[in-house]
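Peer 1: First, the structure itself, so that you have it in front of you.
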Amino acid sequence: MIVKINASEIVEETAFNEAIDKLVSLMHDGTIEEFKVYDVEDIDNINNTYTKHTVALYNNEDKAGEPVRTVTIEIYGEEDNQTIEIHLGE
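For the sequence shown, the residue numbers in our numbering are 56 to 145.
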């Protein structure tokens, strides 16, 4: 499943923060598993207009064990006109 957030919907200071807020919202409505913390495992900054973050979601504060889910957050476009895609996996 892919969740897309268009530039007109971004209200947070950064697109990454907007993506994390969306993940919290999806958790609260039961779309994804409950998580307490996240860990950015990898960042690919392809150029100034595309960034890909691999983010692990954990249900415990110390990030022990396997994450409950790993997602990919892609942010692309110019800073004032970005689009966010959150790839939730299976």
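Just so you know, even glycine gets a beta-carbon here, dropped at the ideal spot from N, CA and C. Just so we're clear, the structure is a prediction, and the values are computed from it rather than from any experiment.
What distance in whole Å lies between the Cβ atoms of Ile141 and Val58, which are believed to be in contact at a cut-off of 8 Å?
Peer 2: Their Cβ separation, rounded to whole angstroms, is 4 Å, which keeps Val58 and Ile141 in contact under 8 Å.
Peer 1: Would a C-beta distance cut-off of 8 Å place Leu78 and Ile65 closer than the cut-off?
Peer 2: Against a cut-off of 8 Å, the Cβ pair of Ile65 and Leu78 comes out as no contact.
Peer 1: When we look at the beta-carbon of Val110 and count the other beta-carbons within 10 Å, is it buried (16 or more) or exposed?
Peer 2: The residue is buried, with at least 16 neighbouring Cβ atoms inside 10 Å.
Peer 1: Quick check on DSSP: helix, strand or coil for Asp76?
Peer 2: Reduced to three states, the DSSP call for Asp76 is helix.
Peer 1: For Ala62, does the three-state DSSP call read helix, strand or coil?
Peer 2: Three-state DSSP puts Ala62 in a helix.
Peer 1: Find out if the Cβ-Cβ distance for the pair Asn61, Phe90 is shorter than 8 Å.
Peer 2: Cβ distance not < 8 Å, so Asn61 and Phe90 don't count as in contact.
Peer 1: For Glu96, which residues from the same chain have a beta carbon less than 6 Å from its beta carbon, with the 5 sequence-adjacent residues on both sides left out?
Peer 2: These residues qualify, in order along the chain: Thr109 and Ala111.
Peer 1: Rounded to whole angstroms, what is the Cα-Cα separation between Gly120 and Asp135?
Peer 2: One C-alpha to the other measures close to 38 Å.
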